[in-house]
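Have a look at the structure below, then the notes.
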Amino acid sequence: ARVGAGLGTLARVVASGESIYRRKLSFGEAEFRVRTYWEPYHAALRQLLDDTKQAFGACLLIDCHSMPAQTYADGRRSPDVILGDAHGTACSPRIMRTIETILLDLGFVVRRNDPYAGGYVTRHYGRPRELVHTLQLELARSLYMDEARLTRSAQFGDIQRKLAEFASRLGAEAPDLLSLTT
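Just add 405 to the spot in the sequence shown (first one is 1) and you have the working numbering.
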């Protein structure tokens, strides 16, 4: 479904549906990009995860993305953050709860797995039973930028500080969190 929608390994469209390219990529161009960028990136990521687990016994990968502003017909406020753990299969529930709690404490509106449950990285690398925890964090662009002008908003510095605080608090709890699988 993602490939057909233009959102596969080599995306053809952006979130609004606009084409990225003026023409269809040739097979050779697509193959070049996969071999030159996608494969080395994932080889390096796999090595980093393996090295981290070897050094510390466990690891946590947070796959960060930005998401466009969302409007809901029923009047619900768009979330600031969507956490995706592939519906509980890529990250321990305790780690997910801790991350969610920290973000809520910092004033973010948080939703889990809806509409983003985690993409390839989350689903492929998340192995909580093997102490490799992965989650996807989608941050609303409207928090820190003017999406129409593609410029920083007045809130940019505040969001930057909140994310630094998030990282600090999560880092302080990581040793205890990563020693558990549930």
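For glycine and all other residues, C-beta sits at the position ideal for the given N, C-alpha and C. From a predicted model like this one, the values you see are computed outputs, not experimental measurements.
Could you please give the first and the last residue of the uninterrupted beta strand (DSSP E) stretch that includes residue i?
i: residue 468; result: 464-472
i: residue 489; result: 486-489
From what residue to what residue does the alpha helix (DSSP H) around residue i run?
i: residue 562; result: 561-583
i: residue 517; result: First-last for residue 517: 515-517, but that is the beta strand (DSSP E), not the alpha helix (DSSP H).
i: residue 452; result: 444-461
i: residue 540; result: It is not in any alpha helix (DSSP H) - residue 540 instead sits in the beta strand (DSSP E) that spans 537-545.
i: residue 529; result: 525-530
Measuring alpha carbon to alpha carbon, tell me which of the options ends up nearest residue i.
i: residue 522; options: 486, 503, 534; result: 486
i: residue 519; options: 419, 417, 462, 472; result: 472
i: residue 534; options: 544, 499, 504; result: 499
i: residue 458; options: 445, 532, 552, 446; result: 532
How big is the Cα-Cα spacing for residue i and residue j?
i: residue 493; j: residue 540; result: 9 angstroms
i: residue 569; j: residue 546; result: 17 angstroms
i: residue 463; j: residue 576; result: 14 angstroms
i: residue 511; j: residue 529; result: 30 angstroms
i: residue 565; j: residue 556; result: 15 angstroms
i: residue 488; j: residue 416; result: 22 angstroms
Less than 7 angstroms between the C-beta atoms of residue i and residue j, yes or no?
i: residue 527; j: residue 468; result: yes
i: residue 578; j: residue 506; result: no
i: residue 538; j: residue 465; result: yes
Which word fits residue i, buried or exposed, when buried means at least 16 other C-beta atoms lie within 10 angstroms of its C-beta?
i: residue 484; result: buried
i: residue 497; result: buried
i: residue 544; result: buried
i: residue 513; result: buried
For chain B, find out if any of its Cβ atoms is closer than 7 angstroms to the Cβ of residue i; answer yes or no.
i: residue 454; result: Looking for chain B here will not work: only one protein chain is present.
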